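Sequence order for the protein chains is V, U and Y. Those letters in the first sequence? Residues 10 to 481, by my numbering. Those letters in the second sequence? Residues 259 to 350, by my numbering. Those letters in the third sequence? Residues 15 to 490, by my numbering. C-beta atoms are modelled at their ideal positions from N, C-alpha and C, and glycine is treated no differently. Predicted, not measured: the structure shown is a model, and the values here were computed from it. A short write-up of the structure that comes next.
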Amino acid sequence: MKYELICGLETHVELSTKTKVFCSCTTEFGGEPNTHCCPICIGLPGTLPILNRRAVEYTVMAGIATNCEISTISRMDRKNYVYPDLPKAYQISQYDMPLCRNGWVGLSDGRRIRLTRIHLEEDAGKLIHGRAGTFVDYNRSGVPLIEIVSEPDIRSVEEAVEYVEKLQMIMRYLGISDCRMEEGSLRCDVNVSVRPEGSDGLGTRTEIKNMNSFSHMTKALNYERDRQIDLLESGESVVQETRRYDEKTGCTEGMRDKEDANDYRYFRDPDLIAIRITEETARKIRAEMPEDPQKRLSRFQSEYALPEKEALLLIEHRKIADYFERAAEGLKNPRSAANCITGPIFARLPDENAKEKFQIAVSAEDLNALLRMAEKAGIRENLVRSTLEKMLDTGKPVSDFLSKEDLEGVSGEELKKFCRQAVRQNPAAVKDYLGGKQKAIKALVGAVMKATRGRADPQKAQLVLKDLLDRG
Amino acid sequence: MVSKQEIARLAKLAKLYVKPEELDGLTEDLNRMIRFADAVATSPEKGSAFGGFDGRENIFREDVPHPSFRRDDILKNAGSAEDGFFLVRHRR
Amino acid sequence: MLESRELSCTELTEKYLNAIGKENAALNAYIRLTPETALETARRVDEDIASGRSLSPLEGIPMTLKDNISTKGIETTCCSKMLQGYVPIYDATVWKILKDQNAVLLGKTNMDEFAMGSTCENSCYGGAGNPHDPVRVAGGSSGGAAAAVASDLAVYGLGSDTGGSIREPASFCGAVGFKPTYGTVSRYGLVAFASSFDQIGPITQSVEDAALIYDVISRQDPMDSTCTGRKTAVVPDLGKGIRGLKIGIPREYFDNVPEDVRKALRNTLKIWKSMGAELSEFGMPSVKLGLPIYYILACAEASSNLGRYDGIRYGYCTPHYQNREEMVCKTRSEGFGREVKRRILLGTYVLSAGYYDAYYKKAQDLRGAVIRAFDDVFQKCDLILTPTVPTTAFPKGRTGGDPVENYQTDICTVPVNIAGLPAVSIPCGSGRDGMPVGMQLIGPRFSESVLLNAAYRYEQETGGEPYRVKGMGVDL
Numbered sequence: 010m011k012y013e014l015i016c017g018l019e020t021h022v023e024l025s026t027k028t029k030v031f032c033s034c035t036t037e038f039g040g041e042p043n044t045h046c047c048p049i050c051i052g053l054p055g056t057l058p059i060l061n062r063r064a065v066e067y068t069v070m071a072g073i074a075t076n077c078e079i080s081t082i083s084r085m086d087r088k089n090y091v092y093p094d095l096p097k098a099y100q101i102s103q104y105d106m107p108l109c110r111n112g113w114v115g116l117s118d119g120r121r122i123r124l125t126r127i128h129l130e131e132d133a134g135k136l137i138h139g140r141a142g143t144f145v146d147y148n149r150s151g152v153p154l155i156e157i158v159s160e161p162d163i164r165s166v167e168e169a170v171e172y173v174e175k176l177q178m179i180m181r182y183l184g185i186s187d188c189r190m191e192e193g194s195l196r197c198d199v200n201v202s203v204r205p206e207g208s209d210g211l212g213t214r215t216e217i218k219n220m221n222s223f224s225h226m227t228k229a230l231n232y233e234r235d236r237q238i239d240l241l242e243s244g245e246s247v248v249q250e251t252r253r254y255d256e257k258t259g260c261t262e263g264m265r266d267k268e269d270a271n272d273y274r275y276f277r278d279p280d281l282i283a284i285r286i287t288e289e290t291a292r293k294i295r296a297e298m299p300e301d302p303q304k305r306l307s308r309f310q311s312e313y314a315l316p317e318k319e320a321l322l323l324i325e326h327r328k329i330a331d332y333f334e335r336a337a338e339g340l341k342n343p344r345s346a347a348n349c350i351t352g353p354i355f356a357r358l359p360d361e362n363a364k365e366k367f368q369i370a371v372s373a374e375d376l377n378a379l380l381r382m383a384e385k386a387g388i389r390e391n392l393v394r395s396t397l398e399k400m401l402d403t404g405k406p407v408s409d410f411l412s413k414e415d416l417e418g419v420s421g422e423e424l425k426k427f428c429r430q431a432v433r434q435n436p437a438a439v440k441d442y443l444g445g446k447q448k449a450i451k452a453l454v455g456a457v458m459k460a461t462r463g464r465a466d467p468q469k470a471q472l473v474l475k476d477l478l479d480r481g
Numbered sequence: 259m260v261s262k263q264e265i266a267r268l269a270k271l272a273k274l275y276v277k278p279e280e281l282d283g284l285t286e287d288l289n290r291m292i293r294f295a296d297a298v299a300t301s302p303e304k305g306s307a308f309g310g311f312d313g314r315e316n317i318f319r320e321d322v323p324h325p326s327f328r329r330d331d332i333l334k335n336a337g338s339a340e341d342g343f344f345l346v347r348h349r350r
Numbered sequence: 015m016l017e018s019r020e021l022s023c024t025e026l027t028e029k030y031l032n033a034i035g036k037e038n039a040a041l042n043a044y045i046r047l048t049p050e051t052a053l054e055t056a057r058r059v060d061e062d063i064a065s066g067r068s069l070s071p072l073e074g075i076p077m078t079l080k081d082n083i084s085t086k087g088i089e090t091t092c093c094s095k096m097l098q099g100y101v102p103i104y105d106a107t108v109w110k111i112l113k114d115q116n117a118v119l120l121g122k123t124n125m126d127e128f129a130m131g132s133t134c135e136n137s138c139y140g141g142a143g144n145p146h147d148p149v150r151v152a153g154g155s156s157g158g159a160a161a162a163v164a165s166d167l168a169v170y171g172l173g174s175d176t177g178g179s180i181r182e183p184a185s186f187c188g189a190v191g192f193k194p195t196y197g198t199v200s201r202y203g204l205v206a207f208a209s210s211f212d213q214i215g216p217i218t219q220s221v222e223d224a225a226l227i228y229d230v231i232s233r234q235d236p237m238d239s240t241c242t243g244r245k246t247a248v249v250p251d252l253g254k255g256i257r258g259l260k261i262g263i264p265r266e267y268f269d270n271v272p273e274d275v276r277k278a279l280r281n282t283l284k285i286w287k288s289m290g291a292e293l294s295e296f297g298m299p300s301v302k303l304g305l306p307i308y309y310i311l312a313c314a315e316a317s318s319n320l321g322r323y324d325g326i327r328y329g330y331c332t333p334h335y336q337n338r339e340e341m342v343c344k345t346r347s348e349g350f351g352r353e354v355k356r357r358i359l360l361g362t363y364v365l366s367a368g369y370y371d372a373y374y375k376k377a378q379d380l381r382g383a384v385i386r387a388f389d390d391v392f393q394k395c396d397l398i399l400t401p402t403v404p405t406t407a408f409p410k411g412r413t414g415g416d417p418v419e420n421y422q423t424d425i426c427t428v429p430v431n432i433a434g435l436p437a438v439s440i441p442c443g444s445g446r447d448g449m450p451v452g453m454q455l456i457g458p459r460f461s462e463s464v465l466l467n468a469a470y471r472y473e474q475e476t477g478g479e480p481y482r483v484k485g486m487g488v489d490l
């Protein structure tokens, strides 16, 4: 019997606001333990939360970018449970009136993964388990999180990965989060169940936690799917539970010390006031948002005459797309900018993280200057490349490497001079050519290129050389 | 009437430890209080949802960092702390 | 207020500290004294006077704070074992305001643990006694503040009121107790009991003092999203005539009120009439459910607010345990008193799955009904008059048996907190046992000017003597 996989994801994204969601402590990553804290985020008696406007705006942006309805009225609620990383013994979150509802994320095959809701909440502190006991650091306590809940629309492990990658790109594009799984600014819990192919209804699902990278997620979901199919095939049933992915074994395990379902006793937080997002507010927030990546992809193809493959490489990271547009400004052939980026620049960015950070020595303006000069003076592509490499190595501007002479190129009398010099200095090649080896002229062209440091046009040089040699 | 087991379950949820000899008295007290509260549960009156005084909306704080408190102060009242962390010993 | 030349601030402060030294033991109004802070501030004020600077109204005045108001560097325990030794690292906003005005803090006052109680007997420091008769309760939960003010061991005190905790002890001790409109005084730094009910307010020896203090502490606070501050100042309106002021008397508040208290309230009516107020009687049946509505909602909020006490970041921690679950449960069970634990359990119950709709949600809806009922009444009258408490202060040791019995003391005060209204209790005679009787005046939200002015006019009309036990306290 063939089974199909059903997945829904709950994704937590840490927002990159400057301050925490309910107090003015910094959200900067790292820092010595308990040095980014105040009475509010450690829950001292008598303290009260004050809602960060930017966190609300970022949440609305996330909703707009994923086609959600933005709730006109939205409220904050208390989710009550006891755990050492939760200073107030309740998390301020949103229960029945979230900021965003009913959106979707499109996959490359055209299918849509529906989003039930996106809401704003606060993060807990960090626990480190040691021999003496549990060590608690509240630096992270109070950092704003958005929780993105999908419907169980995902049908394969690959789709799950693509969905999260899409979310990552959207959030990074908006500039509202780094979305780095390894750093914890993107966390996924996946609900997994299986059912016989072609049947309706949903099987019993398990929740998988603790996957800290895409490869963990892939391994975990594959394992869990197979485990559930195994159970059903042998006549057993799947137990509804929360399971933890163990990276050492590559398996999911039932979480022993998770108690039976917690009664969170949600109720309206009396310390916080209702949030109203009017059409006007939503419009203002939308105006602040950058262009949607899908639209940008189409535009790169039409406006800059880029083939889809190349355009995809450029729009994947917003910094790179922005860089390209600035570097391509005013060029007759914007593709040259694209080539510089996907060629020499990408060669220096070894992985996705490096591409996301996009720290290179040449500014878009400097690259633009180089390319404009190249267009104006008709500089050869290989000279452009070698100059760019030098600029990337040193961070120095174009003017340090291309002199007036370089820009003027080599032609006319000067070219003839170099050609005669090449003929004089390479008698063997000349003899070969005159003896019938047409290809020997390449060596002479090479010599001219070397002598002019690439400034000459090889095709013109070849013509001049031929002329010289043929005429004697 | 709420049973002793129910009270014990509530106590666990509220992270309160009830000694066996206390459970009877506590159950009796809670039952009196719940019976008292039943007047609300059984009232025929509908009322109208209370969403806060004066219908206020949109009270926010701007996203500007202020210096955090010194760690010494943050840890000042902790029962046990080590290396800058709050420490919850496994057992004592 | 005196100050100008008769007495130096330091001398005044010393007089109060001496009186406290002699008389506090019998009353247990203060549970922590802060003589160094007090004298340091007094010296500063004297220097300022000497340099010729004029003082603001509250400057240099010896006062107290209820022990659930956070004072940086000064132990704040809410009179609970759970917070003994807890020293806040920040100041409550109201204290910051008064500190900046050089208020002279004599010490922290006794209270029912976490503000849960109406007699001050639920305190880890033992109860506070009533200055008129120390074998009787001072009231609660701001019992210590009321006892201190009524015995002139302080000029004024700040207390907190969630279901009557300022007004009831003021009534029992014969002082003025004022609970402002919810949202006009910041709660930042007030250890939370029930967030949508709690308000800080003054307990004083005169209505004028209460008005003065209110005007100073009722500022909008960015640290408290529920705090808008006051709309208008009260002091400038004190003394205005009240001819034509419509005072309503709701019948239900006089049910089950013993004859002596009823008589004292009836006597006030003559005085109101003589000042030109128009009195009317009416029914207010929706208010009968006030007590259960209050207890459901307040205990629910409390069960959540008190969840944080687990011994990790501050406060009491149980000395022996085998694992973390045991640590948390034992800490809370050993740190909290019986009444606190009962209320946490009730709160947990009404919020838990299966009971939320019938109790918590229903109570929230009925809260809306109570608010509307008051709105309707205030269409027809300007203020409402009721007894503050159906009885006078009773002997200590009476509470214990049935928790619900104890809640009946709050019957006239809780509807005010449900609707977030301002209310003041002023002494209006004595009961058969010679103990003070309190009259409660209630106004619509933000009507402090009308409310306190009316109370002020009544006070002036009946003698204007500051309310304090003769022969006690400071002899000026």
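CB-CB length for V451(Y) against G445(Y), believed under 8 Å: The pair is a contact, with the Cβ atoms about 5 Å apart (cut-off 8 Å).
Measure from the C-beta of G52(V) to each C-beta in chain Y and report whether the shortest distance is under 8 Å. Among the residues facing chain Y, G52(V) is included, as its CB has a counterpart in that chain under 8 Å away.
Any chain V beta carbon closer than 8 Å to I332(U): yes
According to the Cβ coordinates, are I217(Y) and S156(Y) closer than 8 Å? yes
Check whether the stretch 126-136 of chain V and the stretch 77-95 of chain V are in contact - that is, three or more C-beta pairs closer than 8 Å. yes
Opposing strand residues paired with M77(Y) [DSSP bridges]: L119(Y) and Y170(Y)
Determine whether the beta carbon atoms of T78(Y) and K113(Y) lie at a separation below 8 Å. The answer is no: Cβ separation not under 8 Å.
Can you find a C-beta in chain Y that's less than 8 Å from the C-beta of I238(V)? no
Among residues of its own chain, excluding the 5 on either side of R196(V), which ones have a beta-carbon nearer than 6 Å to its beta-carbon? H21
Can you give me the start and stop residues for the alpha helix (DSSP H) that P436(V) sits inside? Unbroken alpha helix (DSSP H) run through P436(V): P436 to L443.
If we count the other Cβ atoms within 10 Å of its Cβ and call it buried at 16 or more, is Q234(Y) buried or exposed? Answer is exposed; the Cβ neighbour count stays below 16.
Write down the C-beta distance between V354(Y) and E127(Y) rounded to the nearest angstrom, noting that I regard them as a contact closer than 8 Å. With a Cβ gap of about 6 Å, V354(Y) and E127(Y) count as contacting.
Contacts around A330(V), its chain only, beta-carbon distance under 7 Å, and the 5 residues preceding and following it disregarded: Excluding five sequence positions before and after A330(V), the CB atoms of its chain that fall closer than 7 Å to its own CB belong to R305, L323 and I324, given in chain order.
Have a look at the DSSP bridge pairing and note the partners of L474(V). According to DSSP, L474(V) bridges with nothing at all.
List the residues of chain U that N231(V) touches, going by C-beta distances under 9 Å, in chain order. Simply none; closest approach about 36 Å.
Pick helix, strand or coil for Q100(V), following the three-state DSSP scheme. strand
Per-residue DSSP class, three states only, for G262(Y): strand
So for D94(V), helix, strand or coil by DSSP? coil
From the beta carbon of R491(Y), is the nearest beta carbon of chain V less than 8 Å away? Because chain Y here runs from 15 to 490, residue 491(Y) falls outside it and cannot be looked at.
Under 7 Å from the C-beta of A272(U): neighbouring residues of chain Y: S317, I358, L359 and T362
Give me, in chain order, the residues of the same chain whose beta-carbon lies closer than 7 Å to that of I238(V); leave out the 5 immediate sequence neighbours on both sides. Y12 and V203
In chain order, what residues of the same chain lie with their CB nearer than 7 Å to the CB of K267(V), ignoring the 5 residues before and after it? Its pLDDT being 49, under 50, K267(V) is placed unreliably in this model, and the value from its coordinates should be taken loosely. Residues of the same chain with a CB within less than 7 Å of the CB of K267(V), apart from the 5 flanking positions on each side, are T251 in chain order.
Short CB-CB distance (under 8 Å) between P93(V) and chain U: Chain U has a Cβ within less than 8 Å of the Cβ of P93(V).
Please list the partners that P515(Y) has in chain U, where partner means a Cβ-to-Cβ separation under 8 Å. This structure cannot settle anything about residue 515(Y), because the visible part of chain Y is limited to 15 through 490.
I'd like to know whether the C-beta of K267(V) is nearer than 8 Å to at least one C-beta of chain Y. Annotation note: pLDDT 49 at K267(V) (below 50); position unreliable, no value reported.
Taking R63(V) as the query, report the chain U residues whose CB atoms sit under 8 Å from its CB, ordered along the chain. E320 and D321
Please compile the residues from chain Y whose C-beta is within a distance smaller than 7 Å of the C-beta of N89(V). S318 and G321
Measure the C-alpha to C-alpha separation of E23(V) and Y67(V) and round it to an integer number of angstroms. 11 Å
Quick check: is the beta carbon of G203(Y) nearer than 8 Å to any beta carbon in chain V? yes
Looking at M449(Y): is its Cβ nearer than 8 Å to the Cβ of P145(Y)? no
For the stretch 150-219 of chain V, which segments carrying the alpha helix (DSSP H) assignment without a break, of at least 4 residues, lie completely within its bounds, in sequence order? 166-183, all fully within the stretch 150-219 of chain V.
Which chain U residues are close to V69(V), counting only those with a beta carbon under 9 Å from its beta carbon? Under the 9 Å cutoff, chain U gives no residues; its nearest Cβ is about 13 Å from V69(V).
Continuous alpha helix (DSSP H) stretch holding I432(Y): start and end: V428 to I432
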